[in-house]
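See below for the structure under consideration.
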Amino acid sequence: MEPILFILKILPFLLKGVKITLIVSFISFAIGFVLGIMAGIARLSDNRLIYSLSSTYVEIIRGTPLLVQILFIYFGLPRLGINLDPLTAGIVALSINSGAYQAEIVRAGIQSIPRGQVEAALSLGMKEWQVFRYVILPQAVRNMVPALVNELVTLIKDSSLVSVIGVAELTRRGEYVVAWSFRPFETYLAVALIYFIICFTSSKISRYLEERFAIPGMMRRGSRWL
Amino acid sequence: MALIEVIDLKKRYGDLEVLKGIDFHVEKGERIVIMGPSGSGKTTLLKCIVRLVEPTSGKIFFDGIEVTDPDVDIVEIRRRIGFVFQSFNLFPHLKVIDNIALPLRVVKGMRREEAYSRALAILKGIGLEDKAYNYPLQLSGGQQQRVAIARALAMDPDVMLLDEPTSALDPELVGEVLELLEDIARKGMTMVIVTHEVDFAEDIADRVIIIDEGVIVEEGTPEEVFYHPRKERTRRFLRRILRKRLHAKAP
Ligand SMILES: Nc1ncnc2c1ncn2[C@@H]1O[C@H](COP(=O)(O)OP(=O)(O)OP(=O)(O)O)[C@@H](O)[C@H]1O
Ligand SMILES: [Mg+2]
């Protein structure tokens, strides 16, 4: 009984961290989405310069550890005169990181649209931006939903890394609790449980959205009917 | 002046020369059927006309405008040419009525109500108004292809290009699509149809063109091409598709 009482006692303190975790994650995800759309489309560009820039971005981010990216932005950038507070630095690092992964999701989502869809739209006299806006994007976004939610869940978990630069999010607050209570077992168990609940709920919502916005009549991989 | 004029059209993919110098023309009001073995370049030819495929060389004119001119407003030309695909290519995320209304709105600039009433009228015309609010993949193949034809027709094109409109369909669904096409032809639409339906071609075509290995090997009225082919290659090809037809008709 006592451990549960302890967890209940520290819960309000941890939940303040949940708020920061969610804010950091959702803002970074949103900024990452904008970056991802731009970089994902850029990676399909015929323009060599645009293609190389976006590919370099994606490859560098995906080829280096997130922890190093966070440390670099918080401790490294001041050397260039860019001083960010921990929260901003954390959001910047997570956004840039997530943008690279979302770029790949966007690219794959667009490439999954059959060539015939584009041809049909063009043959009706649509301009290229109209083909993109009315035919490719709505279908591509549906295809991207599962991967994007997966990315959001990953991002929520990875956001615990910004605790190292002192952002008082969930993990950091767990560390505070351990520091004064010396009870890492109950504390980290509670922290883990909270992460699990957030991520599990997100996946469930995604499942629902996927079915809600599925294209009627289309067979989906992983559909429960198959 | 011909509505469509194709002059010495060539297309190569790397080392593969798919079209080796095609010349033909389509007059206003004419119905042309193109036939030829698989891989002979029929789809490539049709797609070149609307630059869904970029020709390697040669010239194409549509209503006196050079389609192959790099500076031509190809979007404007595509608006005037209807294209029907073998695989329908309806937009699966849009309801049947939206498949027709969307291009009317964004391409023709129609107002919402106008586009929808026109789309509905067109669906009535093909007997599918009860499917207006279904999604394409909830329809049979034959119904999907009829919607695709209606979608192209709704744009009020000067000519329709149809690439094997029935070859992806189960045999029992072919009839309804061919009937619709005959209907459209009766109303005077200029049409270029790639098809292997011999009876249909005989009924509808003013001229039949046989393509093989990227060149036109035979051209003439259905009577000339089907009953008095000049080339041995044509005879072999016709024997093959006629045999297929007999098999299809066997109980
Ligand atoms: N994008 C492409 N890249 C390379 N080769 C291609 C491409 N598109 C078509 N081809 C080749 O060009 C040739 C002609 O193709 P096309 O689709 O025009 O033939 P078709 O007469 O329409 O055949 P089918 O009756 O099977 O539809 C084929 O050998 C095909 O493999
Ligand atoms: Mg073909």
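The listed protein sequences derive, respectively, from chains A and B.
Just so you know, we're using our numbering here: the first sequence kicks off at 5 and counts up by one.
Just so you know, we're using our numbering here: the second sequence kicks off at 411 and counts up by one.
Cβ coordinates follow ideal geometry from the N, Cα and C atoms, glycine included.
Quick caveat, the model's predicted, so the values are computed rather than measured.
Buried/exposed call for residue i, threshold 16 Cβ in 10 Å
i      : result
A:R228 : Note on A:R228: pLDDT 40, under 50, position unreliable in the model; the coordinate value appears next. Exposed, by the Cβ-count rule.
B:T644 : buried
B:T576 : buried
A:F37  : buried
A:T60  : exposed
B:D479 : exposed
B:N499 : buried
B:P567 : buried
A:L230 : Low confidence applies here, because A:L230 scores a pLDDT of 34, under 50, leaving its location unreliable and the question unanswered by this model.
B:E546 : This sequence places Pro at residue 546 of chain B; Glu is not what is there. Classification for B:P546: buried.
B:P502 : buried
A:L104 : This sequence places Ala at residue 104 of chain A; Leu is not what is there. Counting Cβ neighbours within 10 Å, A:A104 comes out buried, since at least 16 surround it.
A:I86  : exposed
B:L462 : buried
A:G226 : Because the pLDDT at A:G226 is just 43, under 50, the model does not fix this residue reliably, and the value given afterwards should be weighed accordingly. Label assigned to A:G226: exposed.
B:D483 : exposed
beta-carbon residue i near ligand 2 non-hydrogen atom, thresh 7 Å
i      : result
A:Q73  : no
B:D573 : yes
B:T576 : no
B:T453 : yes
B:Q496 : yes
N- and C-terminal bounds of the beta strand (DSSP E) containing residue i
i      : result
B:R441 : R441 to M445
B:Y637 : Run containing B:Y637: none; DSSP gives neither H nor E here.
B:K421 : I414 to Y423
B:A622 : Per the sequence presented here, residue 622 of chain B reads as Asp, with Ala not at that position. Run containing B:D622: R617 to D622, per the beta strand (DSSP E) assignment.
B:V494 : I491 to V494
For residue j and residue i, the rounded distance between their alpha carbons
i      : j      : result
B:K430 : A:A43  : 40 Å
B:Y423 : B:V625 : 16 Å
B:K420 : B:G449 : 15 Å
B:Y637 : B:D622 : 18 Å
B:L590 : B:G492 : 15 Å
A:F33  : B:D593 : 54 Å
B:M520 : B:L530 : 14 Å
A:R216 : B:M570 : 37 Å
B:L588 : A:R66  : 54 Å
B:A660 : B:D473 : Here the model assigns B:A660 a pLDDT of 48, short of 50, so the residue's position is not dependable and the matter cannot be decided.
A:Y212 : A:S163 : 25 Å
A:F17  : B:N509 : 54 Å
A:Q143 : B:Q555 : 20 Å
B:P632 : B:R640 : 13 Å
A:K13  : A:M5   : 12 Å
B:V635 : B:A611 : 11 Å
B:E524 : B:L572 : 27 Å
Any non-hydrogen atom of ligand 1 within 7 Å of residue i CB
i      : result
A:T25  : no
B:K420 : no
A:Y55  : no
B:V428 : yes
A:S127 : no
B:G446 : yes
A:G120 : no
B:Y423 : yes
B:G449 : yes
The alpha helix (DSSP H) enclosing residue i, as first and last residue numbers
i      : result
A:T92  : P90 to Q115
A:I64  : R52 to R66
B:V627 : Premise fails: B:V627 lies in the beta strand (DSSP E), V625 to G630, not in any alpha helix (DSSP H).
A:G178 : L174 to S185
A:S42  : Per the sequence presented here, residue 42 of chain A reads as Met, with Ser not at that position. Residues E6 to A46.
A:S207 : P188 to R216
B:T454 : K452 to I459
Residue i beta carbon near ligand 4 (any heavy atom closer than 7 Å)
i      : result
B:E607 : As far as ligands go, the structure on display features ligand 1 and ligand 2 and does not contain ligand 4.
**Prompt:** Taking a cut of 7 Å between CB atoms, which residues from the region 112 to 134 of chain A lie near chain B?
**Reply:** G120, Q121, E123, A124, L126, S127, L128, G129, M130, K131 and Q134
**Item:** Within 9 Å of chain B by C-beta, residues of the region 135 to 148 of chain A in sequence order
**Value:** R137, Y138, V139, P142, Q143 and R146
**Request:** May I ask you to list, following chain order, the residues of the region 504 to 520 of chain B that have a beta carbon less than 7 Å from some beta carbon of chain C?
**Result:** In summary, chain C is missing from the structure at hand, where the protein chains are A and B.
**Item:** the region 62 to 80 of chain A: positions lying closer than 8 Å to chain B by Cβ
**Value:** none
**Item:** Against chain A: residues of the region 567 to 583 of chain B by CB proximity under 8 Å
**Value:** Correct list: empty, as no residue qualifies.
**Message:** Short of 7 Å Cβ to Cβ, which residues in the region 445 to 461 of chain B face chain A?
**Reply:** V460
**Item:** Residues in the region 531 to 549 of chain B having any Cβ partner in chain A nearer than 9 Å
**Value:** N544, Y545, P546, L547, Q548 and L549
**Near-chain B residues of the region 196 to 226 of chain A - C-beta to any C-beta below 8 Å** = I219, P220, G221 and M222
**Request:** Taking a Cβ distance cut-off of 7 Å, strictly less, list which residues of the region 473 to 500 of chain B are near chain A, in chain order.
**Result:** V485, R488, R489, F493, F495, S497 and N499
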